[in-house]
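Novice: Sharing a structure below in structure tokens format, with a few things to ask.
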Amino acid sequence: MLKGRHRCECQASKHELINNCLQCGRVVCRQEGSGPCLFCGSLVCTPEEQRELNAKTKASAKLMESLMEKSRPKGWEDALVHRNRLLEYDRTSERRTRVTDDDSDYFNANSVWLSSEERAKLDKYQRSLHEKKHASKLNKKMTFDFAGRQILEDKTIDHDVDEDKIRDITAGARAAGGALQTHAAVAGPTDRDVAPGVNAPLLLFDPSVENEDYATVVRANGFSQMSRIQDAELQEMSDTGRCLSMHQPWASLLVEGIKLHEGRTWYTSHRGRLWVAATVKPPDQDVIKALENQYRVLYPEKQLQFPSFYPTGCLLGCVNVDDCLPQEEYRKTYPDGESDSPYVFICSNPVSLRLRFPIKGQHKIYQLEKTIHQAAMKCIQKMSKIQANAA
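Note that full-length UniProt numbering numbers the sequence shown so that position 369 is 369, with each residue one more than the last.
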């Protein structure tokens, strides 16, 4: 036998039997010796040692201490850490391999509302987008500039979804879905669709004041008078129902006022209230912890209160967009700014909704549905009244 405790797989056929581990069932031989099980760490000892331990005397206490202090083989701790890591990896494999695509909210070729012809057109368009995105490098277009003596690659191919084309293809499906929604509205609400766990009365809409918060004066040519106003201050005070979908946890950090600057690769002329929605992609806990630590370092003087949870697929609240700065100007104004994106939205006055409305995200800044916009504004008005009465 080797000196000391060493792992042995003889199953007590080669060495004398010590005992079986009552925790994992391992057969422990004399080579492994009495002490913590080399597999699970539970105490394994001979029947004689067990009888002495059951006596509950000072000698049994010393024996227990000596048995538990027997060292395990070299590398046992590293092997245990590796085992736990593999078990955790296997346990979370489903969550890590699940793909959540926010585009499927409004670009789904398998929608039950689509006719056979619309489904075929949408499937064909989806395949064409996939072929463009994953096209062979042999099909690249090159531009020969003889004057400048250079060869340039043509990168004008657009891989983005043409929302107007999708809207034209699925016009029939939207009409069918709208008819169903109209029927449901006539029948009346049968259940709480928004925030079912919130003990609060459902929102009631008064048709007589439906248009009070909207600039709905429409001229004969179909254009709103609001679109003709170029005053910047009036634009900042208005709420036209524009919304931006963001991944969590960045979305909640923005409406809670922890995140002040939002970076984007594109410029926007929008100023004023901007609603913020969370996409359907669930947040990663490691990313949440890293971001929270980052903002604690950025703003050590503030007592930051981070959200307890980060909901997805819903409208979270709104902010005011004061400006949209290019990166060069942003660095001059905010030398220690948090964003490195080409364009940065400077946000203020964050408001978080108490009721979260389910919403389907879209690309860039888009228009909220009228009913959701009205309900969200009434929530903010009610919150303002409660805060005013409390003050």
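C-beta atoms are modelled at their ideal positions from N, C-alpha and C, and glycine is treated no differently. Since this is a predicted model, take the numbers as computed values, not measurements.
#1: In whole angstroms, give me the CA-to-CA distance for residue 367 and residue 308.
#2: Name the DSSP beta bridge partners of residue 28, please?
#3: Taking the alpha carbon of residue 279 as the reference point, which residue from 125, 334, 370, 310 has its own alpha carbon closest?
#4: Taking C-beta to C-beta, are residue 264 and residue 330 nearer than 7 Å?
#5: Are the CB atoms of residue 315 and residue 258 nearer to each other than 7 Å?
#6: What's the gap between the Cα of residue 209 and the Cα of residue 87?
#7: So, do the stretch 365-380 and the stretch 278-294 have three or more beta carbon pairs nearer to each other than 8 Å?
#8: Hey, out of 313, 117, 293, whose CA is closest to residue 398's CA?
#9: By how many angstroms is the C-alpha of residue 93 removed from the C-alpha of residue 287?
#10: Drop a sphere of 10 angstroms on the beta-carbon of residue 388, count the other beta-carbons inside from all chains shown, and report buried for 16 or more, exposed for fewer.
#11: By Cβ distance, which residues of its chain are closer than 6 Å to residue 245, with the 5 residues on each side in sequence left out?
#12: To which residues does DSSP link residue 145 through a beta bridge?
#13: Given a cut-off of 7 Å on the beta-carbon distance, is the pair residue 18 and residue 46 in contact?
#14: Can you give the beta carbon distance from residue 327 to residue 341, rounded, assuming they're within the 8 Å contact cut?
#15: State yes or no: is the C-beta of residue 57 nearer than 6 Å to some heavy atom of the ligand SAM?
#16: Between residue 8 and residue 55, what straight-line distance do the alpha-carbon atoms span, to the nearest angstrom?
#17: Just mark residue 38 as buried or exposed, buried being the case when its beta carbon has 16 or more other beta carbons within 10 Å.
#18: Can you tell me which residues form a DSSP beta bridge with residue 247?
#19: Determine the extent of the beta strand (DSSP E) in which residue 348 is found, giving its start and end residues.
Specialist: Taking the definition as stated:
#1: Residue 367 sits at position 367 when you count from the first residue of the sequence shown. Residue 308 sits at position 308 when you count from the first residue of the sequence shown. Roughly 29 Å between the two C-alpha positions.
#2: Here residue 28 corresponds to residue number 28 of the sequence shown, with the count starting at 1. BP columns for residue 28 point to 19.
#3: In the sequence shown, counting from the first residue as 1, residue 279 sits at position 279. Closest option to residue 279, Cα to Cα, is 310.
#4: Taking the sequence shown and counting its residues from 1, one reaches residue 264 at position 264. Taking the sequence shown and counting its residues from 1, one reaches residue 330 at position 330. Not in contact: residue 264 and residue 330 (Cβ atoms no closer than 7 Å).
#5: Start at 1 with the first residue of the sequence shown, and residue 315 comes out as number 315. Start at 1 with the first residue of the sequence shown, and residue 258 comes out as number 258. Cβ distance not < 7 Å, so residue 315 and residue 258 don't count as in contact.
#6: Along the sequence shown, one-based indexing puts residue 209 at 209. Along the sequence shown, one-based indexing puts residue 87 at 87. Because the pLDDT at residue 209 is just 48, under 50, the model does not fix this residue reliably, and the value given afterwards should be weighed accordingly. The straight-line gap from Cα to Cα measures roughly 59 Å.
#7: no
#8: Given a span of 1 to 391 for the chain in the structure shown, any question on residue 398 remains unanswerable.
#9: Counting from one through the sequence shown, the residue named residue 287 turns up at place 287. Counting from one through the sequence shown, the residue named residue 93 turns up at place 93. For residue 287 and residue 93, the distance between alpha carbons rounds to 17 Å.
#10: In the sequence shown, residue 388 corresponds to position 388, counting from 1. Classification for residue 388: exposed.
#11: As a working mapping, residue 245 is identified with position 245 in the sequence shown. Here the set comprises 277, 279, 361.
#12: As a first step, residue 145 is located in the sequence shown; it is residue number 145 there, counting from the start. In the DSSP output, where bridge partners are listed per residue, residue 145 has 150.
#13: Residue 18 sits at position 18 when you count from the first residue of the sequence shown. Residue 46 sits at position 46 when you count from the first residue of the sequence shown. Cβ distance < 7 Å, so residue 18 and residue 46 count as in contact.
#14: Along the sequence shown, read from residue 1 onward, the residue named residue 327 stands at position 327. Along the sequence shown, read from residue 1 onward, the residue named residue 341 stands at position 341. About 7 Å; that satisfies the 8 Å criterion.
#15: With respect to the ligand SAM, the structure shown offers nothing to examine, as it has no ligands at all.
#16: On the sequence shown, residue 8 is found 8 positions in, with the first residue counted as 1. On the sequence shown, residue 55 is found 55 positions in, with the first residue counted as 1. Approximately 31 Å, taken between the alpha carbons.
#17: The residue you call residue 38 lines up with position 38 of the sequence shown. Buried, since its Cβ has 16 or more Cβ neighbours within 10 Å.
#18: Position 247 of the sequence shown, counted from the start, is the residue given in the question as residue 247. For residue 247, which the question treats as bridged, DSSP gives no partner whatsoever.
#19: Within the sequence shown, numbered from 1, the residue matching residue 348 stands at position 348. 343-358 is the extent of the beta strand (DSSP E) around residue 348.
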